[in-house]
Ligand code: DX5
Ligand code: ZN
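Numbering (this note's numbering), first residue to last: 4 to 222.
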């Protein structure tokens, strides 16, 4: 099975974004994860399409955009234009999710659904067949550096079971507190894409050691 490591630049040094992304690329990261927060859907305020556009000029790696915003339907076109590869949106507080997923796909991007720790699987069950990727949050979204919530592991397995019933099963991606210890737990539950911010950018041995340690735990 192919595993994807998605480096979340939320923990990158933004004064050196270019060299940090190139270090990720050299370390063999598969995707660059861009956490978009609007200060409303989640308390933090982070990056907009201009960061995606800057990343697009730095690297050819897929740009995995995670929108933690209200009304993502008003934003997706700008992210597509900026060079996003994948756009993941949340179903919570989002009555237009199916049409927004369709719009993302019609523009040639892949479309993902993210699910918060407190959101029941039943909420996304009817949506799974519309998505290329399901992003299971293992922290409450808003900040990097939070502790992994082990109680979500069971939910990953449940979602994976539902995903496997689809004609083209979506990728299961996990986000929050992923490090060399927790990555194997979520892999066992069926995840094949792993977002990590602190364990890559704040690894005491540097970015390449951070990525290598994650990769080694997947063997
Ligand atoms: C959390 C973001 C995550 C975050 C992960 O709200 O969606 O992508 O950057 O950070 P770590 O890996 O440090 O938990
Ligand atoms: Zn994220």
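C-beta: ideal position from N, C-alpha, C; glycine also. Note that the structure is a prediction, hence the values are computed from the model and not measured.
Among the options, nearest to residue i - alpha-carbon criterion
| i | options | result |
| --- | --- | --- |
| residue 217 | 207, 202, 208 | 202 |
| residue 222 | 113, 186, 15, 85 | 186 |
| residue 63 | 48, 35, 208 | 35 |
| residue 5 | 219, 196, 205 | 196 |
| residue 146 | 133, 60, 69 | 69 |
| residue 21 | 7, 60, 156, 178 | 60 |
| residue 48 | 67, 27, 66, 73 | 73 |
| residue 45 | 184, 15, 93, 58 | 93 |
| residue 160 | 124, 180, 133 | 124 |
| residue 170 | 156, 116, 132, 155 | 132 |
| residue 40 | 206, 23, 75 | 75 |
| residue 14 | 43, 150, 38 | 38 |
| residue 112 | 121, 27, 87 | 87 |
| residue 194 | 28, 51, 181 | 181 |
| residue 71 | 150, 138, 25, 53 | 138 |
| residue 128 | 192, 82, 168, 154 | 168 |
| residue 121 | 212, 91, 206, 155 | 155 |
Residue i and residue j closer than 8 Å at C-beta
| i | j | result |
| --- | --- | --- |
| residue 143 | residue 163 | no |
| residue 85 | residue 55 | yes |
| residue 141 | residue 152 | yes |
| residue 97 | residue 136 | no |
| residue 199 | residue 8 | yes |
| residue 66 | residue 100 | no |
| residue 183 | residue 173 | no |
| residue 175 | residue 26 | no |
| residue 79 | residue 116 | no |
| residue 215 | residue 10 | no |
Per DSSP, the bridge partner or partners of residue i
| i | result |
| --- | --- |
| residue 198 | 9, 178 |
| residue 25 | Bridge partners of residue 25: none, in fact. |
| residue 183 | BP columns for residue 183 are empty, so no partner. |
| residue 89 | 67, 113 |
| residue 118 | 139 |
| residue 221 | According to DSSP, residue 221 bridges with nothing at all. |
| residue 35 | 10, 66 |
| residue 48 | 41 |
Three-state secondary structure assigned by DSSP to residue i
| i | result |
| --- | --- |
| residue 40 | strand |
| residue 78 | coil |
| residue 150 | coil |
| residue 16 | coil |
| residue 30 | coil |
| residue 303 | What is shown of the chain runs 4 to 222, which leaves residue 303 out entirely. |
| residue 205 | coil |
| residue 3 | It is not possible to answer for residue 3, since the shown part of the chain is limited to 4 through 222. |
| residue 168 | coil |
| residue 213 | helix |
| residue 144 | coil |
| residue 4 | coil |
| residue 226 | Only positions 4 to 222 of the chain appear in the structure, and residue 226 is not among them; the question remains open. |
| residue 123 | coil |
| residue 192 | coil |
| residue 105 | helix |
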